[in-house]
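Read left to right, the sequence shown gives residues 1 to 107 (the UniProt record's numbering).
We put the beta carbon where it would ideally sit given N, CA and C, even for glycine.
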Amino acid sequence: MPSPQQHGELFDPGLQPERTRLSWQRTILALAVILLGVMRVVSVSVFLPLLALAAGVLVLIVAVRKRASLVDASLRTHRHLPGAAVLASSAGLVSLLAAFALWGVFA
1 MPSPQQHGEL FDPGLQPERT RLSWQRTILA LAVILLGVMR VVSVSVFLPL
51 LALAAGVLVL IVAVRKRASL VDASLRTHRH LPGAAVLASS AGLVSLLAAF
101 ALWGVFA
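In structure tokens:
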């Protein structure tokens, strides 16, 4: 079977991206079930800062995935790569939320 590079393609259009997406969906579902179990055991004063931290991490994950899709689209169409301003600002926001969450847990 010829490789994608022999035909001038940059990426192999196989099933690997779909399998990766499905595995991440299973991971997120498992984490949601674990979160529901933790909610039953942990008090609200500990749970709310941890929930804020998880929300911040979710924002960062969405920003990273969006940037990855923009980079992928740029590579496929031979355009310039996008800047990292959104990713950097999201990382700063998550760091700030983490600081507040840790302050809430240990205060």
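Other residues of its chain near residue i: CB distance less than 8 Å, five sequence neighbours each side excluded
i, result
"Leu48", "Gly104"
"Ala54", "Leu35"
Rounded C-alpha distance that separates residue i from residue j
i, j, result
"Ala99", "Leu15", "40 Å"
"Pro17", "Gly56", "25 Å"
"Ser43", "Leu97", "20 Å"
"His78", "Leu50", "41 Å"
"Val38", "Ser45", "13 Å"
"Ser89", "Lys66", "14 Å"
"Arg26", "Ile61", "16 Å"
"Ala32", "His80", "37 Å"
"Ile28", "Val64", "16 Å"
"Val41", "Arg76", "48 Å"
C-beta contact flag for residue i and residue j at 8 Å
i, j, result
"Val59", "Leu35", "no"
"Ala101", "Ala52", "yes"
Own chain partners of residue i with C-beta closer than 7 Å, once the 5 adjacent residues on each side are dropped
i, result
"Pro82", "Arg67, Leu70, Val71 and Ser74"
"Arg19", "none"
- Hey, which unbroken runs of the alpha helix (DSSP H) at 4 residues or more fall wholly within the UniProt domain "DUF202" (12-73)? Whole alpha helix (DSSP H) segments, 4+ residues: 16-41.
- Item | Contiguous alpha helix (DSSP H) assignments of at least 4 residues, all confined to the segment 77-102 | No alpha helix (DSSP H) of 4 residues or more sits fully in the segment 77-102.
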